[in-house]
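J.:
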Amino acid sequence: MDSLLIREKLQGALGSIAHNKSEDALALIRL
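When the sequence shown is numbered by the working numbering, its final residue is 263 and no position is left out of the sequence of numbers.
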């Protein structure tokens, strides 16, 4: 596998995790 591709996939996974965490925080604030 190309190391650039692996890096992109890792960054994408981290970005989605951070996005989910921030959405969870917003949902908690709305409650």
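Quick reminder that beta carbons are idealized off the backbone N, C-alpha and C, glycines included. Here the structure is a predicted model, which means the values were calculated and not measured.
Can you tell me which of the three DSSP states Leu237 falls into?
T.: In the structure shown, Leu237 sits in a helix (DSSP, three-state: H, G or I).
J.: Rounded to a whole number of angstroms, what is the C-alpha to C-alpha distance between Ala257 and Ala250?
T.: Distance between the alpha carbons of Ala257 and Ala250 is about 11 Å.
J.: Once you ignore the five residues that flank Asn252 on each side, which residues in its own chain have a CB closer than 6 Å to its CB?
T.: None.
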